[in-house]
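Asks:
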Ligand code: PLP
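Residue numbers (the working numbering): 1161 to 1539.
1. Taking 8 Å as the cut-off, decide whether the C-beta atoms of residue 1540 and residue 1173 are in contact.
2. For a test of the three-state rule: what should DSSP assign to residue 1521, helix, strand or coil?
3. Relative to the alpha-carbon of residue 1213, which residue among 1388, 1428 and 1394 has its alpha-carbon at the smallest distance?
4. Along the beta strand (DSSP E) that carries residue 1176, what are the first and last residues, could you check?
5. Would you say the beta carbon of residue 1339 comes nearer than 7 Å to a heavy atom of the ligand PLP?
6. Among the candidates 1413, 1211 and 1317, whose CA atom is the shortest distance from the CA of residue 1437?
7. Within 8 Å, do at least three Cβ pairs link the stretch 1331 to 1338 to the stretch 1235 to 1247?
8. For residue 1397, does the three-state DSSP call read helix, strand or coil?
9. Indicate the three-state DSSP secondary structure (helix, strand or coil) for residue 1444 in the structure shown.
10. Looking at the unbroken beta strand (DSSP E) that takes in residue 1470, where does it start and where does it end?
11. Does the beta-carbon of residue 1285, which I'm using as the reference point, lie nearer than 7 Å to any heavy atom of the ligand PLP?
12. Under the three-state reduction of DSSP, which class applies to residue 1494: helix, strand or coil?
13. Would you please state the rounded distance, in angstroms, between the beta carbons of residue 1517 and residue 1242? I believe it to be under 8 Å.
14. Going by beta carbon distance, what residues of the same chain come within less than 6 Å of residue 1287, once the five residues before and after it are set aside?
15. Restricting to Cα atoms, I'd like to know which of 1177, 1232 and 1384 is closest to residue 1406.
16. I want to know whether the stretch 1410 to 1430 touches the stretch 1380 to 1392 - three or more CB-CB distances under 8 Å.
17. Give, in chain order, every unbroken run of the beta strand (DSSP E) that is at least 3 residues long and sits entirely within the stretch 1218 to 1277.
18. For residue 1502, which of 1488, 1514 and 1496 has the nearest alpha-carbon?
19. Name the DSSP bridge partner or partners of residue 1499?
20. From the DSSP secondary-structure annotation, give me the bridge partner or partners of residue 1184.
21. Does the Cβ-Cβ distance between residue 1225 and residue 1421 come in under 8 Å?
22. For the 8 Å Cβ check, are there 3 or more pairs between the stretch 1273 to 1291 and the stretch 1321 to 1331?
23. Does the count of Cβ pairs from the stretch 1215 to 1230 and the stretch 1375 to 1388 closer than 8 Å reach three?
24. For a test of the three-state rule: what should DSSP assign to residue 1197, helix, strand or coil?
25. Should residue 1551 go down as buried or exposed, given a rule of 16 or more other Cβ atoms within 10 Å for buried?
26. Quick check on residue 1192: buried or exposed, where buried means 16 or more other Cβ atoms within 10 Å of its Cβ?
27. Below 7 Å, is the gap between the Cβ of residue 1278 and the nearest heavy atom of the ligand PLP?
28. Run the CB neighbour count on residue 1215, radius 10 Å, all protein chains shown included, and call it buried at 16 or more, exposed below.
29. Considering only DSSP beta bridges, list what residue 1328 is partnered with.
30. Please classify residue 1519 as buried or exposed, where buried requires at least 16 other C-beta atoms within 10 Å of its C-beta.
31. For residue 1465, count the other beta carbons within 10 Å of its own beta carbon; 16 or more makes it buried, fewer makes it exposed. Which is it?
32. Roughly how many angstroms separate the alpha carbons of residue 1459 and residue 1522, rounded to a whole number?
33. By DSSP, does residue 1337 sit in helix, in strand, or in coil?
34. For residue 1451, which of 1486, 1312, 1492 and 1514 has the nearest alpha-carbon?
35. So, residue 1198 versus residue 1396, is the Cβ gap smaller than 8 Å?
Here it is in structure tokens:
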């Protein structure tokens, strides 16, 4: 059987990884400033993470959500405390799309409405409601088209005021748009969305799948605005590569049995991965490290010739060039052995390194990046 060919692949075959580095089959070492789409939060194969998962697998790896799994409570307690949401409740699932799917469903169960307001440039995943809230017609199949999903221009306060009404079920927005090219919602836009949701009875869903878990230099990117959403979705960095996602749910939204569910969500291994990540983030001060190293990087690259704009917070950085960045990324990868990411904005490359990256490692990138820009500008 052949694989269904949906991924354009680099001709690189990683065989091992440690910290911010990946080693391929040929023995070449790559600096990983992309973390496999913002997933690697605490570094590849962190010894504490490996030990927690290995120990757990030696005890019990899986049972379904028909028995008590105290690790889920431990994960929820640690997440609540570290994120600043101790009074919220946690639903565990397996991916970012699934987290958004459940958040949208919960909002609709809660207020009985069905209109979802999303924003231009958004990406919320590839499953039915999540993809319908995603501003990319090329990944919406005819079956996903629904009049229930409407889009407002990102950061446009007037448009939001017009679109969010007493019919609106929920407003969904990323803490920072990732796939959209690292676009940061303004503080006043997020505050306005909170106000409009309060006024109309709509729920505010913050998709922190990419921007959460310390990546922004705060636990959640929306915490720069001081607002509290009704629902917060998480995945990616939460498991450092183990598939785990979740929804943080404000306490007025009431659970009932069988309202939501999943076979794999919250299994022992997923919880062990999630707890290991939170322990490492706390013990190694990784939220602060993301804030400091991210600022270091942004300061160093923002005034370079060929760079039009640098956007982001913490270690979620979009570097917009004055020209398409595909060639620059290719040179960084093949000539300098550095992974970076792309985005839907063809001029913007994304840096989503592990949260424990060192400035000395970022210097390796900066030097290669300057060299690559100079070569492109000299052409
Ligand atoms: N939401 C955001 C903001 C994302 O960036 C992504 C993935 O890139 C998703 C949701 C979907 O996550 P997953 O691929 O785990 O379903």
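We put the CB at the ideal spot given by N, CA and C, even for glycine.
Replies: Looking at the atomic coordinates:
1. The shown model of the chain, from 1161 to 1539, leaves out residue 1540, and the question about it has no answer.
2. Helix at residue 1521.
3. Of the listed residues, the one whose Cα sits closest to residue 1213 is 1428.
4. Start and end: 1174 to 1178.
5. The nearest non-hydrogen atom of the ligand PLP is less than 7 Å from the C-beta of residue 1339.
6. When each option's Cα is compared against that of residue 1437, the closest is 1211.
7. Output reads no: the stretch 1331 to 1338 does not touch the stretch 1235 to 1247.
8. Helix, per DSSP.
9. Of the three classes helix, strand and coil, the one that applies to residue 1444 here is coil, per DSSP.
10. According to the DSSP assignment, residue 1470 belongs to the beta strand (DSSP E) that extends over 1467 to 1473.
11. Yes, the ligand PLP has a heavy atom inside 7 Å of this Cβ.
12. In the structure shown, residue 1494 sits in a helix (DSSP, three-state: H, G or I).
13. Contact flag wrong, Cβ pair sits at about 20 Å.
14. Once the five neighbours on either side are set aside, the close Cβ partners of residue 1287 are 1257 and 1261.
15. Closest option to residue 1406, Cα to Cα, is 1232.
16. Taking a cut-off of 8 Å on C-beta distances, the stretch 1410 to 1430 touches the stretch 1380 to 1392, as three or more cross pairs fall below it.
17. Runs of the beta strand (DSSP E) lying entirely within the stretch 1218 to 1277 and spanning at least 3 residues, in chain order: 1249 to 1253.
18. Comparing Cα positions, the closest option is 1488.
19. Answer by DSSP bridge pairing, in chain order: 1192.
20. Beta-bridge annotation (DSSP): residue 1184 is paired with 1174.
21. Inclusion of residue 1225 and residue 1421 in the CB contact set at 8 Å is warranted, their separation being smaller than that value.
22. Between the stretch 1273 to 1291 and the stretch 1321 to 1331, the count of Cβ pairs shorter than 8 Å is three or higher; the stretches touch.
23. Taking 8 Å as the limit for Cβ pairs, the verdict is that the stretch 1375 to 1388 does not touch the stretch 1215 to 1230.
24. Helix.
25. This structure cannot settle anything about residue 1551, because the visible part of the chain is limited to 1161 through 1539.
26. Buried, because 16 or more other Cβ atoms sit within 10 Å of the Cβ of residue 1192.
27. The answer is no for residue 1278.
28. Exposed, since its Cβ has fewer than 16 Cβ neighbours within 10 Å.
29. The bridge partners DSSP lists for residue 1328 are 1275.
30. Per the 10 Å Cβ criterion, exposed.
31. Residue 1465 should be labelled exposed.
32. Near 12 Å, if we compare the C-alpha coordinates of residue 1522 and residue 1459.
33. Strand.
34. In terms of Cα proximity to residue 1451, the closest of 1486, 1312, 1492 and 1514 is 1514.
35. In contact: residue 1198 and residue 1396 (Cβ atoms closer than 8 Å).
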